[in-house]
Amino acid sequence: MKKTFTLIICISISIFSYSQKEVTLEDIWQNYKFYPSGVPGFKSMNDGEHYTTTEKVEGEIKIHKNSFESGKIVETLLDSDDERLSKMGSYQFNLAEDKILIATNTESIYRYSSKSIYYIYNTETEVIKELTSKQVMYATFSPDGNYIAYVFDNNLYVYNLKWDKTTQITNDGEKNKIINGASDWVYEEEFALVRSFEWSGDSKTIAYFKFDESDVKEFSMDLFKGGLYPTQEVFKYPKTGEDNSEVTLHLYNLQTKRTRNLKFEKDYEYFPRIKWFDNTNPQLVVYGMNRHQNELDFIITNTNGSNRVLFTETDKYYIDVHDNLRYLEKQESFIWTSEKNGYNHIYLKSLDGIETQITNGDWEVTNFYGIDSEDYIFYSSNESGSIHSTMYKMNINSKLGKGVPMTKTTGTNKIAFSKGMKYFKNSYTDHNTPPSITLHRTSDGDTIKILEDNSDFNETLSEYNLSEKEFFTIETEEDVEL
């Protein structure tokens with residue numbers, strides 16, 4: 000009896016193993032069997048109570064308005080079968096949220112850069128207006144929603160929605176020579192920066208980069224686009240030790256239509272970021288770096304051109320450029336993250352240079368999300384394990400206190416907050432679990448609704464002979480655990 004029972008088990012296992020499919024290239028690249036579902040176009044609206052999502056159904060493009068509290072659709076803002084919108088990519092609202100700027104026919108250039116045909120959709124009149132007839136780069140609403148800035152043929156433009164008028168800000172743009180408002184290859188690859196202009200909070204000024212590539216040597220590359228022969232692309236590409244672009248910073252005033260050139264006491268090799276502090280008198284923050292990228296000056300610049308270095312960070316090897324910068328007008332301070340103590344942590348800095356460390360420990364802050372009206376900051380860290388990402392909250396006045404975990408799943412939690420931070424979306428996954436996307440209240444972290452559990456995708460995976468992933472650690476000669 001025992002032998003018979005064992006034989007049945009062996010046969011069952013053999014049949015089960017035989018029934019498992021093997022992964023093929025066709026299933027990966029042609030049938031797209033291994034792509035989990037998401038929540039397309041998720042974007043918080045200004046009231047903090049609603050979010051938008053996109054849907055494509057039988058040639059129709061839809062943008063839905065959803066309730067954070069229920070996770071249900073409450074209104075459809077766009078429902079169009081207009082052929083011009085059939086290849087919709089990204090979209091953005093103006094301040095009043097009565098106009099939507101839609102990118103279509105997007106074409107990649109390098110790793111992050113792209114160009115698109117843009118349309119402006121009026122949600123009240125349902126009229127679709129073309130921004131330009133050609134592909135342009137990085138069209139962006141001004142904070143007040145009255146203007147759109149964009150880059151075309153290496154020049155910077157501003158479109159006035161009220162007067163239906165376009166102003167060309169720069170005129171010297173030229174391929175492989177001068178770039179205004181977009182980045183060169185170095186900034187895109189080394190700093191992930193492609194849009195090199197920023198609106199001030201009062202919508203009166205645009206700060207932008209000018210890249211002079213004249214002395215940068217050219218590089219040619221064959222591109223295979225489906226034809227019998229490749230096409231050749233020639234672009235400026237500085238190799239190690241060769242000349243980089245000469246980069247300058249400029250402020251364009253929309254009221255006076257004048258441009259101010261910014262001057263600095265030091266000769267910086269790179270300006271990897273510019274950010275506006277949107278207080279009553281907007282100030283531009285400029286990161287200035289040396290070529291070795293191990294010294295960073297934090298420069299504050301007024302719109303009249305005067306500037307000062309607030310602080311300098313140095314490292315023996317390398318400083319990682321990040322976007323973890325938030326101005327807190329109530330405190331006249333700002334949030335900043337730094338690795339200067341060996342781990343990436345959050346600091347509160349005043350405009351007088353006074354610094355307070357907020358988080359501390361032998362772990363890294365991996366994302367900073369913001370601060371709410373009650374002075375709670377929200378961030379993700381790997382405190383629970385080097386391969387995990389957990390979201391925490393902490394009062395900014397706690398001074399090295401303990402963060403409170405807000406996500407209840409162990410693995411990777413990718414967070415997107417509502418405006419005002421009352422709600423958040425969590426996309427949870429681990430090495431053996433496809434993404435599960437859920438809505439939560441920030442007050443207690445409780446789940447409001449499951450937006451996508453990828454149950455169908457899980458069922459598809461179960462049909463294949465896939466190995467379960469396992470992690471392990473090793474210790475180096477220096478007693479460092481990896």
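Going by numbering that gives the first Met the number 0, the sequence shown opens with residue 0, and the numbers climb by one from there.
Even for Gly, the Cβ is constructed at its ideal location relative to N, Cα and C.
Are the CB atoms of Phe270 and Val308 within a distance shorter than 7 angstroms?
What you label residue 308 is simply residue 309 of the sequence shown in a count that begins at 1. What you label residue 270 is simply residue 271 of the sequence shown in a count that begins at 1. Going by C-beta atoms, Val308 is not nearer than 7 angstroms to Phe270.
Could you give the first and the last residue of the continuous beta strand (DSSP E) run that contains Ser113?
Start at 1 with the first residue of the sequence shown, and residue 113 comes out as number 114. It spans 113-121 - the beta strand (DSSP E) in which Ser113 sits, taken as one unbroken run.
Assign His430 to buried or exposed, taking buried as 16 or more other Cβ atoms, counted over all protein chains shown, within 10 Å of its Cβ.
The sequence position of residue 430 within the sequence shown is 431, counting from 1. By the neighbour-count rule (16 or more Cβ atoms within 10 Å), His430 is not buried but exposed.
So, under 8 angstroms CB-CB, Val135 and Lys164 are touching, yes? Tell me the CB distance rounded to an integer number of Å.
Within the sequence shown, residue 135 is the residue found at index 136, counting from 1. Within the sequence shown, residue 164 is the residue found at index 165, counting from 1. Not really, about 16 angstroms apart at Cβ, beyond 8 angstroms.
Using the Cα positions of Ser92 and Asn306, report the straight-line distance between them to the nearest angstrom.
Here residue 92 refers to the residue found at position 93 when the sequence shown is read from its first residue. Here residue 306 refers to the residue found at position 307 when the sequence shown is read from its first residue. It should be pointed out that residue 92 corresponds to Phe in this sequence rather than to Ser. Approximately 33 angstroms between the Cα atoms of the pair.
Identity of the residues DSSP links to His291 by a beta bridge:
Residue mapping note: residue 291 aligns to position 292 of the sequence shown, counting from 1. His291 is not bridged to any residue.
Measure the C-alpha to C-alpha separation of Glu125 and Asp143 and round it to an integer number of angstroms.
Position 126 of the sequence shown, counted from the start, is the residue given in the question as residue 125. Position 144 of the sequence shown, counted from the start, is the residue given in the question as residue 143. Approximately 21 angstroms, taken between the alpha carbons.
So what does Trp198 bridge to, in DSSP terms?
In the sequence shown, residue 198 corresponds to position 199, counting from 1. Trp198 is bridged to Ile205.
Looking only at its chain, what residues have a beta carbon closer than 8 angstroms to the beta carbon of Tyr236, apart from the 5 residues adjacent to it on each side?
For the purposes of this step, residue 236 is identified with residue 237 of the sequence shown, where counting begins at 1. Within the same chain, Tyr236 has close Cβ partners Trp184, Val215, Lys216, Glu217, Phe218.
Using C-beta distances below 6 angstroms, list every residue in its chain close to Thr437, excluding the 5 sequence neighbours before and after it, in chain order.
The count along the sequence shown starts at 1 and reaches residue 437 at position 438. Excluding sequence neighbours, Thr437 sits near Asn425, Thr446, Ile449.
When the Cα of Thr365 is compared with those of Ser383, Asp371, Asn457, which residue comes out closest?
For the purposes of this step, residue 365 is identified with residue 366 of the sequence shown, where counting begins at 1. If we check each option's Cα against that of Thr365, Ser383 comes out closest.
Three Cβ pairs or more, each shorter than 8 angstroms: is that satisfied between the region 169-181 and the region 259-268?
no
Which residues does DSSP list as the beta-bridge partners of Glu74?
Looking up residue 74 in the sequence shown gives position 75. According to DSSP, which records beta bridges pairwise, Glu74 is partnered with Lys64.
Status (buried if at least 16 other CB within 10 Å, exposed otherwise) for Gly226:
On the sequence shown, position 227 is the one that residue 226 refers to. Exposed, because fewer than 16 other Cβ atoms sit within 10 Å of the Cβ of Gly226.
Going by DSSP, what residue range makes up the beta strand (DSSP E) through Val150?
Taking the first residue of the sequence shown as 1, we reach residue 150 at position 151. Where Val150 is concerned, the enclosing beta strand (DSSP E) stretches over 146-151.
Quick check on DSSP: helix, strand or coil for Glu312?
Position 313 of the sequence shown, counted from the start, is the residue given in the question as residue 312. DSSP places Glu312 in strand when its eight states are reduced to three.
Can you tell me where the beta strand (DSSP E) with Tyr378 in it begins and where it stops?
Here the question's residue 378 lines up with position 379 in the sequence shown. Where Tyr378 is concerned, the enclosing beta strand (DSSP E) stretches over 375-380.
Could you say which of Trp162, Thr103, Leu192, Thr411 lies nearest to Lys133 if we only look at CA atoms?
The residue labelled residue 133 in the question sits at position 134 within the sequence shown. It is Thr103.
To the nearest angstrom, how far is the alpha carbon of Asp46 from that of Asp452?
One-based indexing of the sequence shown puts residue 46 at position 47. One-based indexing of the sequence shown puts residue 452 at position 453. About 27 angstroms.
Reference Leu130; option with closest CA among Asn159, Glu173, Glu189, Asp478
Sequence index remark: in the sequence shown, residue 130 carries index 131 (1-based). Of the listed residues, the one whose Cα sits closest to Leu130 is Asn159.
Length of the line joining the Cα atoms of Ser379 and Phe367
Taking the first residue of the sequence shown as position 1, residue 379 is located at position 380. Taking the first residue of the sequence shown as position 1, residue 367 is located at position 368. If you take the alpha carbons of Ser379 and Phe367, they lie about 7 angstroms apart.
For Asn355, which residues from the same chain have a beta carbon less than 6 angstroms from its beta carbon, with the 5 sequence-adjacent residues on both sides left out?
Numbered from 1 along the sequence shown, position 356 holds the residue referred to as residue 355. It is worth fixing the name first, because residue 355 is Thr in this sequence and not Asn. These residues qualify, in order along the chain: Leu347.
Leaving aside the five residues before and after Ser36 along the sequence, list all residues of the same chain whose C-beta is less than 7 angstroms from its C-beta, in chain order.
By 1-based counting over the sequence shown, the position of residue 36 is 37. Cβ within range, chain order: Glu451, Asn453, Phe456.
On the three-state DSSP scale, how would you describe Tyr186?
Residue mapping note: residue 186 aligns to position 187 of the sequence shown, counting from 1. Three-state result, Tyr186: helix.
Taking the continuous alpha helix (DSSP H) assigned at Thr459, which residues delimit it?
To locate residue 459, count along the sequence shown from 1; it is residue 460. Run containing Thr459: 454-461, per the alpha helix (DSSP H) assignment.
What do you get for Arg272, buried or exposed, if any count of 16 or more other CB atoms within 10 angstroms of its CB means buried?
The sequence position of residue 272 within the sequence shown is 273, counting from 1. Buried, since its Cβ has 16 or more Cβ neighbours within 10 Å.
In terms of residue numbering, what span does the beta strand (DSSP E) encompassing Lys448 cover?
What you label residue 448 is simply residue 449 of the sequence shown in a count that begins at 1. Per DSSP, Lys448 belongs to the beta strand (DSSP E) from 446-451.
Starting from the Cα of Asn303, find the closest Cα among Glu173, Asp314, Asn252, Val193 and give me that residue.
Counting from one through the sequence shown, the residue named residue 303 turns up at place 304. That would be Asn252, whose Cα lies nearest to the Cα of Asn303.
Val38 lies in the beta strand (DSSP E); which residues open and close that run?
Here residue 38 refers to the residue found at position 39 of the sequence shown. Note, Val38: premise wrong, no beta strand (DSSP E); not H, not E.
Whole angstroms are fine: how far does the CA of Arg83 sit from the CA of Lys64?
The residue labelled residue 64 in the question sits at position 65 within the sequence shown. The residue labelled residue 83 in the question sits at position 84 within the sequence shown. Approximately 22 angstroms, taken between the alpha carbons.
Is Pro281 buried or exposed, if buried means 16 or more other CB atoms sit within 10 Å of its CB?
Locating residue 281 in the sequence shown gives position 282, counting from the first residue. Burial call: buried.
Do you know how far the Cα of Asn175 is from the Cα of Asp153?
On the sequence shown, residue 153 is found 154 positions in, with the first residue counted as 1. On the sequence shown, residue 175 is found 176 positions in, with the first residue counted as 1. Correcting the residue identity first, residue 153 is Asn in this sequence and not Asp. Whole-angstrom Cα-Cα distance: 9 angstroms.
Residues near Val22 by beta carbon distance below 7 angstroms, same chain, minus five either side:
For the purposes of this step, residue 22 is identified with residue 23 of the sequence shown, where counting begins at 1. Tyr463, listed in sequence order.
Who are the Cβ neighbours of Gln254 in its own chain at under 8 angstroms, not counting the five residues just before and after it?
Numbered from 1 along the sequence shown, position 255 holds the residue referred to as residue 254. Counting only Cβ-Cβ distances below 8 angstroms, and skipping sequence neighbours, we find Lys203.
Less than 8 angstroms between the CB atoms is what I'm expecting for Leu324 and Val285, so what's the real figure, rounded?
Position 325 of the sequence shown, counting from 1, holds the residue named residue 324. Position 286 of the sequence shown, counting from 1, holds the residue named residue 285. In fact, because the Cβ distance is near 12 angstroms, the residues do not count as touching under 8 angstroms.
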